[in-house]
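Asker: Let me give you the structure first, and then I'll get to my questions.
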Amino acid sequence: MDIDLVRLLIPFAGIGAAIFLIVVLVRRRR
Amino acid sequence: MDGDELVRDYLGRLEAASWPMPPDRRAELAGEVREHIETALAEAGRRDDVTVRNVLERLGRPEEIVATEADAEPALPPWSRGPGGPATSAAGWGALEVAAILLLTVGAILLPLIGPAIGLVLVWLSTRWTTREKTIATVIVVVIFVLPFLGLFALALRV
Chain B
1 MDIDLVRLLI PFAGIGAAIF LIVVLVRRRR
Chain Y
1001 MDGDELVRDY LGRLEAASWP MPPDRRAELA GEVREHIETA LAEAGRRDDV TVRNVLERLG
1061 RPEEIVATEA DAEPALPPWS RGPGGPATSA AGWGALEVAA ILLLTVGAIL LPLIGPAIGL
1121 VLVWLSTRWT TREKTIATVI VVVIFVLPFL GLFALALRV
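So the protein lines, in turn, are chains B and Y.
Position 14 (the first sequence) corresponds to 14 in the numbering used here; numbering is contiguous.
In the numbering used here, each residue carries its 1-based index in the second sequence increased by 1000.
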């Protein structure tokens, strides 16, 4: 695992949390 | 989870469930429910998690309280007004929530560390997610941030 791979993975942290929060809001609307 | 945490979680869920209501009514409802809980706990004379759970169970689910309030005041809930209701957009999201999601996604790519950090601050400022949901989102960010660095660390140890 080199530093470029780390840089590539970092955005997925925010995206993972965003997916969770979107799912929560969408499910609550139903 | 201790008694106080249970109460905080319950009030967070109530706050999240009541977001379509006008802000003053939401604050009033939260105040009423908090007062009710405190009175019931004072009468019980204990604040352990079993007593708190019993009090909260008697109150009912926060979503049910909000639904009852909405029925009692039919002019209030924007979800019953159909398209063009003033309080919510079609998706029901406020500017704060949209900004938070954008910073967590696009922001994470454009500003790898600062974007998600500001996004998380906005998530915690929003009232449409419960404290539990905000905590889970924060844990997701932190864990995925930390994992690659742990991988690098493990590799460095092996060399």
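Glycine included, C-beta positions come from ideal geometry on N, C-alpha and C.
(1) Return the CA-CA distance between B/Val23 and Y/Asp1049, expressed in angstroms with no decimal places.
(2) Grab me the residues of Y/Ala1017's own chain with a C-beta within less than 7 Å of its C-beta, minus the 5 sequence neighbours each way, in chain order.
(3) Quick check on Y/Leu1120: buried or exposed, where buried means 16 or more other Cβ atoms within 10 Å of its Cβ?
(4) Once DSSP output is grouped into helix, strand and coil, what is the label at Y/Trp1129?
(5) Given that a residue counts as buried once 16 or more other Cβ atoms are within 10 Å of its Cβ, and exposed if not, what is Y/Thr1105?
(6) For the stretch 1093-1105 of chain Y, which residues have a beta carbon sitting closer than 9 Å to at least one beta carbon of chain B?
(7) Using the Cα positions of Y/Ala1075 and Y/Gly1151, report the straight-line distance between them to the nearest angstrom.
(8) Near Y/Thr1131, which residues of its chain fall below 7 Å by C-beta distance, leaving aside the five closest residues on each side in sequence?
(9) Go through its chain and collect everything with a Cβ distance to Y/Pro1083's Cβ below 7 Å, but skip five positions before and after it.
(10) For Y/Gly1094, report the span of its alpha helix (DSSP H) as first-last.
Answerer: For this structure:
(1) Between B/Val23 and Y/Asp1049, the alpha-carbon positions lie close to 30 Å from each other.
(2) Pro1062, Glu1063, Val1066
(3) buried
(4) coil
(5) buried
(6) Trp1093, Glu1097, Ala1100, Ile1101, Leu1102, Leu1103, Leu1104, Thr1105
(7) Since pLDDT at Y/Ala1075 reaches only 47, below the 50 mark, its modelled position is unreliable, and no value is offered.
(8) Within the same chain, Y/Thr1131 has close Cβ partners Arg1008, Asp1009, Gly1012.
(9) In this predicted model, Y/Pro1083 has a pLDDT of only 42, less than 50, meaning its place in the structure is not dependable enough to derive any value.
(10) Unbroken run through Y/Gly1094: none, as it is neither H nor E.
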